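Asker:
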Amino acid sequence: MNDENMFHKDVEKSSHQKDKGCKDACCGFCCTRLKDFGVTIGKTEILKDVNLHIHCGELTAIIGPNGAGKSTLLKAMLGDLKATGELRYIDAKGRRNGKPLIGYVPQYLNFDAGSPTSVLDLFMACRFKFPVWLYTPKRIIKHVEESLSKVKADHLINRRLGALSGGELQRVLLALALDPIPDLLLLDEPVSGIDHNGLAIFYETVSQLRKNYDLSIILISHDLDLVYQYADRVVLLKKTILENGKPQDVFQSENFNDVFSLKWKNVDTQVRGE
Ligand SMILES: Nc1ncnc2c1ncn2[C@@H]1O[C@H](COP(=O)(O)OP(=O)(O)OP(=O)(O)O)[C@@H](O)[C@H]1O
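Here the working numbering = 1-based position in the sequence shown + 3.
1. With DSSP collapsed to three states, give me the class of residue 34.
2. Can residue 106 and residue 181 be called in contact, C-beta distance under 7 Å?
3. Would the beta-carbon of residue 38 be found less than 6 Å away from any heavy atom of ligand 1?
4. Where are the beta strand (DSSP E) runs, 3 residues long or more, that stay fully inside the segment 175–205, in chain order?
5. Among 79, 35, 63, which one has its Cα closest to the Cα of residue 44?
6. Put residue 257 into one of helix, strand or coil per three-state DSSP.
7. Look at the alpha carbon of residue 229 and the alpha carbon of residue 77, and state the distance between them as a whole number of angstroms.
8. Considering only residues of the same chain and omitting the five flanking positions on each side of residue 39, which have a CB-CB separation below 8 Å?
9. Quick check on the DSSP output: the alpha helix (DSSP H) that includes residue 48 runs from which residue to which?
10. Taking 6 Å as the cut-off, is the C-beta of residue 71 nearer than that to any heavy atom in ligand 1?
11. Could you please give me the residues that DSSP links to residue 42 through a beta bridge?
12. What's the gap between the Cα of residue 42 and the Cα of residue 158?
13. Between the segment 214–223 and the segment 59–72, are three or more C-beta pairs nearer than 8 Å?
14. Beta carbon of residue 44: closer than 6 Å to some heavy atom of ligand 1?
15. So what does DSSP say about residue 262, is it helix, strand or coil?
16. Thinking C-beta only, is residue 101 closer than 7 Å to residue 165?
17. Check residue 107 in the structure and name its three-state DSSP category.
18. Identify whether residue 240 lies in helix, strand or coil by the three-state DSSP scheme.
19. Apply the 10 Å Cβ neighbour rule to residue 264 and answer buried if 16 or more other Cβ atoms are within range, or exposed otherwise.
20. With which residues is residue 128 paired in a DSSP beta bridge?
21. Quickly, what does DSSP pair residue 247 with across the bridge? List them, please.
22. Helix or strand or just coil, what does DSSP make of residue 171?
23. Do you know how far the Cα of residue 138 is from the Cα of residue 218?
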């Protein structure tokens with residue numbers, strides 16, 4: 004029996020799933036698959052034979068050395084780069100089977116920090132395609148407040164984008180990526196403007212979101228401690244997938260040692276910084 008039949012069979016067996024849509028409860032049955040995914044730019048093969056199976060409710064961290072192809076993978080999944088192979092989403096009841104609805108949080112946002120554009124303006128422009136200089140209907144303000152409250156950022160609605168801290172901006176971008184709730188959330192870890200503590204809060208928020216909304220999340224990460232602490236699954240990428248599994252298994256693999264020149268002997272000790 005192939006994987007997909009197994010998936011449908013399991014869904015049939017689950018009475019919990021018969022009545023509940025995936026986004027109402029954590030079911031673990033919706034999945035996104037990458038099959039033989041590859042990207043070639045010019046004559047350079049940047050990614051090849053990437054095969055990945057991501058379940059809802061799972062936080063998957065992508066790690067790898069500089070130039071491994073992590074950002075390229077996200078861009079290709081978003082459709083910004085041409086890719087070979089397949090990206091497919093299957094919902095728990097097997098009713099939807101095709102391209103996933105993807106939410107994306109970039110590593111940074113390029114904007115004029117001196118501009119008067121507010122968080123509400125950003126939502127209006129991105130989400131409602133509504134001219135920001137027009138009167139904002141109350142229903143839209145309520146909707147934006149609700150979206151921001153998912154990441155505890157509703158108090159930022161009238162704040163200028165340029166006046167937000169790195170962590171606050173990341174929260175706002177997260178709220179935008181969750182409106183509407185996607186099948187798959189892609190996150191590029193912020194590398195500037197957020198200190199380690201801010202980053203930990205970001206991981207904590209993301210971790211809660213995956214439980215609350217049964218999200219499949221792929222997070223590109225450079226912080227191995229936080230990956231070890233929060234990820235359900237780790238993918239070690241270097242042009243192709245070298246390792247894919249639980250953090251403790253990947254962190255103790257030969258490939259991990261080779262790539263990071265780092266022995267992760269006593270993981271718990273390292274996470275505590277001892
Ligand atoms: N548009 C492009 N044209 C040619 N080569 C590219 C292009 N975009 C990326 N590359 C190359 O593809 C490789 C992978 O780049 P990518 O940015 O995906 O790596 P990464 O793993 O995200 O790296 P980092 O951790 O440094 O951000 C690099 O060697 C890069 O130079």
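All C-beta atoms in this analysis are idealised placements derived from N, C-alpha and C, irrespective of residue type, glycine included.
Remember, predicted model here, so these are calculated numbers, not experimental data.
Answerer: Considering the structure as presented:
1. strand
2. yes
3. no
4. 187–191
5. In terms of CA proximity to residue 44, 79 leads the group 79, 35, 63.
6. helix
7. Rounded to the nearest angstrom, the two C-alpha atoms are 20 Å apart.
8. 52, 53, 54, 87, 88, 89
9. Per DSSP, residue 48 belongs to no alpha helix (DSSP H); it is in the beta strand (DSSP E), 47–58.
10. yes
11. Secondary-structure assignment with DSSP links residue 42 through a beta bridge to 50.
12. 41 Å
13. yes
14. Within the cutoff, so yes.
15. helix
16. No, the pair does not count as a contact, with Cβ atoms beyond the cut-off.
17. strand
18. strand
19. A residue is called buried once 16 or more other Cβ atoms fall within 10 Å of its Cβ, and residue 264, having fewer, is exposed.
20. Its beta-bridge partners do not exist; DSSP assigns none.
21. For residue 247, which the question treats as bridged, DSSP gives the partners 238.
22. helix
23. One C-alpha to the other measures close to 34 Å.
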